[in-house]
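Residue numbering for the sequence shown follows the numbering used here, beginning at 160 and increasing consecutively. Ideal placement from N, C-alpha and C gives every residue a C-beta, glycine not left out. Take a look at the structure set out below.
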Amino acid sequence: MSESDLPVPSVPNARDAVRALRPSQIREVANAGFGVADVLPFWFGESDRVTPAFIRDAASAALAAGATFYTHNLGIAPLRAALAEYVSELHGTTSPDHIAVTSAGVNALMLAAQLVVGAGDRVVAVTPLWPNLVEIPKILGAHVETVALGYGERGWQLDLEQLLAALTPGTKMLLINSPNNPTGWVMSRDEQRAVLAHCRRHGIWIVADEVYERLYYAHAEPGAGDAHSRTAPSFLDLATRDERVICVNSFSKAWLMTGWRLGWIVAPASLMDDLGKLVEYNTSCAPDFVQQAGIAAVQQGERFTQELVLDLKASRDYLVRALSSVPGVDVKAPPGAMYLFFSMPGASRSLELCKALVREVGLGVAPGSAFGPQGEGFVRWCYACDTARLDAGVERLKRFLAQHGTH
Ligand SMILES: Cc1ncc(COP(=O)(O)O)c(C=O)c1O
């Protein structure tokens with residue numbers, strides 16, 4: 160029998176855990192918009208503004224100087240030092256030994272999960288939530304249980320007792336994202352204190368996704384002084400650096416660097432050797448010239464970030480006012496992140512609604528169901544853009560509702 164006579168194997172599949180991952184519903188809506196000539200995209204979590212020039216210049220200079228080689232797995236020493244200083248100023252003393260540079264926040268989340276969870280482990284996540292946080296542990300074979308925020312008069316709120324009850328002694332990891340994507344909910348310091356004490360008692364890892372920590376509006380005043388007024392409450396304010404707390408952060412949001420893929424982890428020093436191995440086998444390192452741009456961002460970017468926060472706060476308030484005038488829309492101004500997560504006629508089937516919005520009037524917003532079943536009934540609108548574009552979007556929303564007879 161020749162080799163060509165051997166039976167052809169059946170069509171290959173990825174393993175079950177991968178096949179079971181949920182595809183992105185935001186992508187599904189974006190795909191529905193292909194072929195629509197003029198779409199206003201508010202569906203992704205990024206500003207329409209380019210990264211500031213001083214950061215792009217630093218990358219260009221690093222490239223011109225030949226920064227094109229592999230670096231240390233945990234990042235170049237000057238960036239780890241700069242990040243240690245930045246984190247220390249905001250959240251208390253942190254040494255470079257507690258910092259690892261990553262290829263943005265999503266890679267940091269994968270590394271954190273790889274460090275602490277394996278097949279069969281129980282993970283708890285507070286939802287609605289950016290889907291990557293829930294799906295990443297599933298790739299590793301973990302079981303993810305969710306605790307839903309509730310929506311009421313005061314916006315999105317955590318039922319602390321419910322969360323503590325879900326954090327049973329056998330639980331391996333709590334995933335918490337505050338300020339939260341998509342709701343803008345911010346966990347209070349008292350809630351963090353209670354959760355930390357509970358997790359300490361039961362040996363549960365806390366993986367805190369704080370990529371939106373700077374996009375916090377409760378204290379955003381011009382020239383804000385002390386550190387606490389410049390960030391949302393952080394687990395780093397309460398935890399020691401050598402306990403079961405891993406904090407994930409990113410350059411994407413505070414310095415408008417989404418396309419650069421640069422982030423960092425604050426974690427116990429005892430994890431760093433193992434984390435270095437995981438970085439090696441995932442990405443090996445972040446690009447050198449990108450890391451050098453990161454130094455410029457951290458060391459020279461404070462004024463930029465503070466101004467950005469004021470702009471975002473103004474955009475948030477502008478869009479809340481504009482949407483409040485639309486009959487049937489229920490919207491509240493959340494204290495953090497860069498999204499409004501609101502209900503409107505038709506949102507009980509949010510995926511269908513968002514596809515119709517993009518097809519019929521070229522309005523690109525994300526369906527609440529993309530953020531888990533608890534997000535159904537809502538849509539998410541990223542307001543990180545100028546007011547003229549927000550106005551145009553609200554006009555399209557009104558036109559859609561008028562065409563559907565719901566005004
Ligand atoms: C909650 C949350 N965490 C992490 C990220 C990761 O962002 P990046 O990978 O660009 O750092 C995002 C991006 O939107 C996010 O919304």
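Within the stretch 240-310, the runs of beta strand (DSSP E) at least 3 residues long that lie entirely inside it are, in chain order, 258-261, 281-286, 302-307. As the crow flies, the alpha-carbon of Arg-420 is around 16 Å from that of Leu-242.
Around the C-beta of Tyr-375, 16 or more other C-beta atoms lie within 10 Å, and the residue is accordingly described as buried. Taking the Cα of Ser-388 as reference, the smallest distance to any Cα among Asn-408, Asn-336, Leu-469, Gln-321 is reached at Leu-469.
For the pair Ser-262 and Thr-442, the CB atoms are nearer than the 8 Å cut-off.
Short note on Asp-368: C-beta closer than 7 Å to some heavy atom of ligand 1.
Around the C-beta of Ser-409, 16 or more other C-beta atoms lie within 10 Å, and the residue is accordingly described as buried. For the alpha helix (DSSP H) assignment, the uninterrupted runs of no fewer than 4 residues enclosed by the stretch 171-200 are, from N- to C-terminal side, 175-178, 184-191.
Burial is judged here by how many other beta carbons sit within 10 angstroms of a residue's own beta carbon; Ala-221 has at least 16 and is buried.
Per DSSP, Gln-316 is one residue of the beta strand (DSSP E) stretching across 314-316. Positions of the alpha helix (DSSP H) runs, each at least 4 residues long and wholly inside the stretch 369-443, are given as 431-441 in order along the chain. Taking 7 Å as the cut-off, the C-beta of Val-209 does not count as close to any heavy atom of ligand 1. When DSSP states are grouped into helix, strand and coil, Cys-541 belongs to the strand group. Just measuring C-alpha positions, the residue of Cys-513, Leu-299, Glu-461 sitting nearest Glu-248 is Glu-461.
In the three-state reduction of the DSSP assignment, Tyr-477 falls in the helix class, which pools H, G and I.
Cβ-Cβ distances below 6 Å link Leu-482 to Val-488, Val-490 in the same chain, with the five nearest sequence neighbours on each side left out; the list follows chain order. One Cα belongs to Gly-225, the other to Arg-508, and the distance between them is close to 52 Å. Taking 7 Å as the cut-off, one finds at least one heavy atom of ligand 1 near enough to the beta carbon of Thr-417. DSSP lists Pro-200 as the bridge partner or partners of Gly-523. The stretch 446-453 and the stretch 273-288 do not touch, with fewer than three beta-carbon pairs separated by less than 8 Å. In the DSSP assignment, Phe-448 falls within the unbroken alpha helix (DSSP H) covering 447-459. When DSSP states are grouped into helix, strand and coil, Leu-467 belongs to the helix group.
Per DSSP, Phe-228 lies in no beta strand (DSSP E) segment and is marked neither H nor E. Of the other Cβ atoms in all chains shown, fewer than 16 fall within 10 Å of the Cβ of Asn-190; this residue is therefore exposed. Three or more beta-carbon pairs separated by less than 8 Å link the stretch 391-409 to the stretch 335-345, which places the two stretches in contact.
Rounded to whole angstroms, Phe-228 and Ile-235 show a C-alpha spacing of 11 Å.
With a cutoff of 7 Å, Val-265 counts as near ligand 1, since its C-beta is closer than that to a heavy atom of the ligand.
DSSP places Leu-323 within a helical segment (H, G or I) once states are collapsed to three.
At least one heavy atom of ligand 1 is found less than 7 Å from the C-beta of Gly-204.
Look at Leu-238 here: in three-state DSSP terms it is helix. Exclusion of the five residues before and after Cys-544 leaves Asp-207 as the residues of its chain whose Cβ lies within less than 6 Å of its Cβ. Within the stretch 497-521, the complete beta strand (DSSP E) runs of at least 3 residues fall at 498-501. As a beta-bridge residue in DSSP terms, Met-332 pairs with Val-282, Trp-364.
Looking from the CA of Asp-368, the closest CA among Ala-377, Leu-233, Lys-412, Ala-325 belongs to Lys-412. Closer than 7 Å to some heavy atom of ligand 1: that describes the Cβ of Gly-422. In the DSSP secondary-structure assignment, Gly-495 is bridged to Tyr-375.
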